[in-house]
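Shown next, in structure tokens, is the structure this report addresses.
There are 2 protein chains.
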Amino acid sequence: MSRQIRIKDIAAKAGVSTGTVDRVLHERGNVSPKAKVKVLKVMEELGYERNIIASTLAYNRVFRIAALLPGFHTDPYWEQPFSGMERALKTVRHYGISLEPHFFELFDPRSFLQTVGQVLENPPDAILFAPVFLKESRTLLEACRENGIHNVMINTYVDNPDSLCYIGQDSYQSGFLAGRLLHFGLNEGETAMLLNLEVGSHNAQHLIDKERGFRDYFGQFPGQHIEIVKRDFEDFDDRQKLTSLLDDLFARHPRLNGIFFTNSRAYKAVECLPAGIVQKIKIVGFDLIEQNIRHLRKNNIDFLINQNPVHQGYMGIINLVNHLVFKKNVEKLQYLPLDIVVNENVDYYLKRQEEFEIVL
Amino acid sequence: MSRQIRIKDIAAKAGVSTGTVDRVLHERGNVSPKAKVKVLKVMEELGYERNIIASTLAYNRVFRIAALLPGFHTDPYWEQPFSGMERALKTVRHYGISLEPHFFELFDPRSFLQTVGQVLENPPDAILFAPVFLKESRTLLEACRENGIHNVMINTYVDNPDSLCYIGQDSYQSGFLAGRLLHFGLNEGETAMLLNLEVGSHNAQHLIDKERGFRDYFGQFPGQHIEIVKRDFEDFDDRQKLTSLLDDLFARHPRLNGIFFTNSRAYKAVECLPAGIVQKIKIVGFDLIEQNIRHLRKNNIDFLINQNPVHQGYMGIINLVNHLVFKKNVEKLQYLPLDIVVNENVDYYLKRQEEFEIVL
DNA sequence: AACCCTTCTGTGTGCGGGCACGGTAATTGT
DNA sequence: ACAATTACCGTGCCCGCACACAGAAGGGTT
């Protein structure tokens, strides 16, 4: 490992100039077959690797990445992927990466399209976005294809062969995992519940997947008698109604001893339960948002499954850089770890979200 | 965000040459107070940030990092930090980092000292090591101080003001966490056991800390009746003896329903237990080594706590680079996350260990 | 042979910053 | 007052690579 091989070295050894080496390296053409094979052979022999530092310096160009995701005001969740992007940006800024964030309304497809229009007025080199609206996202993907804009999707999976990659969670698996966690705390004959506190949960694909995973988990133990019940509830912001729902549930299912909340709203229900019950029953929810963490610390919530939203944004940027700058191959489908978070390790994860800047 | 400020820009605005700016930037002296304040003011105004790409290119130097850790043949565990280092190296090689690994015998302090001698023959810029022998490590640390060699410690904590940082796990907290996990699966009146399968466990600080954490966890619930028992056992490689130990334990403690193994040897005991019992009782162990994972997949082990050894090596290198190259401040004490690993999320963590290369 | 294309190749400049060298201005000593 | 020293400053080259441009080599036409 004495020294890095330079373009100059292989030029000398191949008996050509650096210009020629450069041409074969970048496949610019205009090089005789004879010279080409010579250069390639020497490169192989010496094990040449491009010096990325010198390369980026000489390129002297900036890659513009546009981010397209829901604004924070409707749902604080989206702050997390965005903060991951910002953090990633910090670490790769020197490579000539710039990030232009655009926000749309979480529940308004028209606003999405409008924002897409804005972005396309001055087309970036790449787009990183959350395809929350299927149809409208296809429009965007089509536009990307036409204009040769690289793109990466996070959070919601949409099948698209041209995209560089998708980064997100595996909903089925997270439901399965939730099953395991509840099961660990339940005894024979008890009841486990799956509770969707969501509007229109019946056609939200990720909720369907979670339920399937959850049921499949318990399906592994046909000999055991743990009853699974499920309930959808839309009025989760009405405290009274939520309270009476819960009363009703416990009346109906006297041996109910575990609840799986399929989204980040576990805290809402917990706040409607009397302390005695909350401490006794097992509760599994999603996402390290502040309200959930508060209840995790009080042992009102037992487990939170962390889908690493910060990491999603971070890896979105990193993957683009790996492709654009480092010309590496990236995996098309990237599921992030499902971290199991309890009172005793939550601080590590919170800290990691804050710091994270691995390098550069 | 139009453009990065260059040294040239601030030179122009301050009415001096780039050489002068360079001098104040590197505090080389030989610059008049007047010029200095002017330059500093302009730098402040324009928010200058060194272009690390151009800088490393111009520096054209290599930082030599020596790694010093136990060989793999006595304990495969040590392969993991090392592989993390190699991975980190890949991502920072372009910054002129070279890594020189040295291995010593896990149980032989003399071999440690001998290796230290080798390393010091041609002193590197920095040393990354696991201080498994306290006294001998102090010798090394002293040598580092004298020769101005930066150093980072991983895995075992040794207090030393001159070291750049320590990266490792928090043993107390991991015991505490194990308590929580077992508790979740235990019922009133049952027994939880802490089992040290180790030679000389009574004076291994990390085991003491783990026990303290474990007991402190259950100490939080004085009203509950969960009995905690502890046992040390050194003959863990003798299958017969281990089997009869376990028989004895279950005979003594008929309501024993959970075991916490304080190191990576949970699999050894699991293999001595009859299937009926193994599936019933709750088991928590440490480390994602192959044998443990096999039992995790068969549901013989319920939880493995991952202390992120790969990450330890990785972050060791990264922290050195952050200091040497990027001149960032690094935190002196870095505890890595304690990941809770179950059958349902183990693959994510295994995959992360393999890939990991966050960027570059 | 003179000319023009086309294909190919070498040289030179610049990216931003580190650093050495030589030069100018200011200061000290005699 | 003048030389000798010191304090300060600007210029230019280099790091390894990307890319433009000029020019050479070869082939074909008149």
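Protein sequences appear in the order of chains A and B. Under the numbering used here, the residue at position 79 of the first sequence is numbered 79, and the numbers go up by one with no gaps. Take any residue in the second sequence, count from 1 to its spot, add 1000: that is its number in the numbering used here. Glycine is no exception: its CB is placed at the ideal position from the N, C-alpha and C atoms. Remember, it's a predicted structure, so these values are computed and weren't measured experimentally.
- Three or more beta-carbon pairs separated by less than 8 Å link the region 1304-1319 of chain B to the region 1142-1155 of chain B, which places the two stretches in contact.
- Contacts with chain A at 7 Å (Cβ-Cβ) do not include A1266 (chain B).
- If you compare the alpha carbons of B:L1304, B:F1303, B:L1197 and B:Q1004 with that of G1047 (chain B), the shortest gap goes to B:Q1004.
- For G185 (chain A), the chain B residues whose Cβ falls inside 7 Å of its Cβ are F1184 and G1185, in order along the chain.
- Interface flag for N155 (chain A) against chain B is unset, since no Cβ pair is found closer than 7 Å.
- For a Cβ distance threshold of 8 Å, nothing in chain A lies close to I1097 (chain B): the least Cβ distance comes to about 11 Å.
- Where T262 (chain A) is concerned, there is no enclosing alpha helix (DSSP H), because DSSP gives it neither an H nor an E.
- Bridge pairing for P1101 (chain B): B:A1067 [DSSP].
- With a beta-carbon spacing of about 14 Å, M315 (chain A) and I97 (chain A) fall beyond the 8 Å limit used to define contacts.
- Note on the region 77-160 of chain A: whole beta strand (DSSP E) runs with a minimum of 3 residues are 97-104, 126-129 and 150-154, in chain order.
- Counting every other CB atom within 10 Å of its CB across the protein chains shown gives Y95 (chain A) a total of 16 or more, marking it as buried.
- If you look at L333 (chain A), you'll find it in the beta strand (DSSP E) that goes L333 to Y335.
- Using a CB distance below 7 Å, the part of the region 1295-1321 of chain B facing chain A consists of D1302, I1318 and V1321, ordered along the chain.
- Apart from the 5 residues on each side of it in sequence, E49 (chain A) sits with its Cβ closer than 8 Å to the Cβ of Q4 and I5 in its chain, given in chain order.
- By the 16-neighbour rule on beta-carbons within 10 angstroms, K1280 (chain B) is exposed.
- Under the criterion of beta carbons closer than 8 Å, I1259 (chain B) and I1293 (chain B) do not qualify as touching, at roughly 18 Å.
- Annotation for N306 (chain A): no alpha helix (DSSP H) segment contains it, though the beta strand (DSSP E) segment containing it runs F303 to N306.
- For the region 1245-1278 of chain B, the beta-carbon criterion of a distance under 8 Å to any beta-carbon of chain A is satisfied by none of its residues.
- Within the same chain, P309 and V310 come within 6 Å of Q80 (chain A) by CB-CB distance, once the 5 residues on both sides are set aside.
- When Cβ pairs closer than 8 Å are counted between the two stretches, the region 1175-1195 of chain B is seen to touch the region 1229-1239 of chain B, the count reaching three or more.
- Chain A has a Cβ within less than 7 Å of the Cβ of H1094 (chain B).
- When the beta-carbon positions are compared, T262 (chain A) and I1053 (chain B) stay at least 7 Å from each other.
- In chain order, V1092, Y1095 and I1097 place their CB closer than 7 Å to the CB of V1321 (chain B), counting only its own chain and leaving out the 5 sequence neighbours on each side.
- If you draw a 10 Å sphere on the C-beta of E1344 (chain B), you find 16 or more other C-beta atoms in it, and that means buried.
- Looking at A:D302, A:A66, A:P274 and A:V16, the one whose alpha-carbon comes closest to that of L242 (chain A) is A:P274.
- For the region 159-175 of chain A, residues whose beta-carbon sits nearer than 8 Å to a beta-carbon of chain B comprise Q173.
- The beta strand (DSSP E) runs lying completely inside the region 1190-1233 of chain B and spanning 3 residues or more are 1191-1197 and 1227-1233, given in chain order.
- The Cβ atoms of G148 (chain A) and G313 (chain A) do not sit closer than 7 Å to each other.
- E44 (chain A) has its alpha-carbon roughly 10 Å from the corresponding atom of K38 (chain A).
- From the beta-carbon of E1344 (chain B), the residues of chain A found nearer than 7 Å are Q173, F176, L177 and R180.
- Taking 7 Å as the CB threshold, I10 (chain A) stays off the interface with chain B.
- DSSP links K1282 (chain B) through a beta bridge to B:G1258.
- The DSSP-derived three-state label of D1287 (chain B) is coil.
- Here the alpha carbon of S163 (chain A) sits roughly 30 Å from the alpha carbon of Y349 (chain A).
- In this structure, DSSP gives V1310 (chain B) a helical state, which the three-state scheme calls helix.
- D1302 (chain B) counts as buried, since at least 16 other C-beta atoms from the protein chains shown sit within 10 angstroms of its C-beta.
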